[in-house]
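Below: one structure, written as structure tokens.
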Amino acid sequence: MSCLSKDYRLNSQKDFSRIYKSGKSWHTPSFVAFFIPNSSLKIAFVASKKLGNAVERNRAKRRLRAGLLSFQDNFISGNYVFVAKQTIESRDFLELKKDFNFALKRLELLK
Numbered sequence: 007m008s009c010l011s012k013d014y015r016l017n018s019q020k021d022f023s024r025i026y027k028s029g030k031s032w033h034t035p036s037f038v039a040f041f042i043p044n045s046s047l048k049i050a051f052v053a054s055k056k057l058g059n060a061v062e063r064n065r066a067k068r069r070l071r072a073g074l075l076s077f078q079d080n081f082i083s084g085n086y087v088f089v090a091k092q093t094i095e096s097r098d099f100l101e102l103k104k105d106f107n108f109a110l111k112r113l114e115l116l117k
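The sequence shown begins at 7 in my numbering and counts up one residue at a time.
Listed below in structure tokens is the structure:
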């Protein structure tokens, strides 16, 4: 099953606050990755209004989801939040995948 299905979505405001406050984070040129250990796998993609209008924010979240697909089978369980940065639009897909690889290895989140 895909880690992007509804069962794996993180959508509780309380969980977001907890992850932002006490979770591990790593900054890349394209996004900021947040992680907190948990028994289940939950993922969220965030694009703030600083990124632009709804079309640009949705495009940024789609790019984050697509970049993450190649790593989905190697995740350890926990709550993940990926926050897009404004520079995500100017980076090509290979750079985005390198950013994911670097951040996930740095945070020790791959099996």
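Ideal placement from N, C-alpha and C gives every residue a C-beta, glycine not left out.
How far does the beta strand (DSSP E) with Ile42 in it extend, from its first residue to its last? 37 to 43
Just verifying my parser: in three-state terms, what is the DSSP assignment at Ala90? If DSSP states are grouped into helix, strand and coil, Ala90 belongs with the strands.
The beta strand (DSSP E) enclosing Ala50, as first and last residue numbers: 48 to 52 is the extent of the beta strand (DSSP E) around Ala50.
Under the assumption that Lys48 contacts Leu113 (Cβ atoms under 8 Å), give the Cβ distance between them as a whole number of angstroms. Going by Cβ atoms, the distance from Lys48 to Leu113 rounds to 16 Å, so no, they are not a contact pair.
Close beta carbons around Lys103, own chain, < 8 Å, minus the five adjacent residues each side: Gly73, Ser76
For the 8 Å Cβ check, are there 3 or more pairs between the region 62 to 72 and the region 21 to 29? no
Report all residues from its chain with a CB closer than 8 Å to the CB of Lys56; omit the five preceding and five following residues, and keep chain order. Gln92
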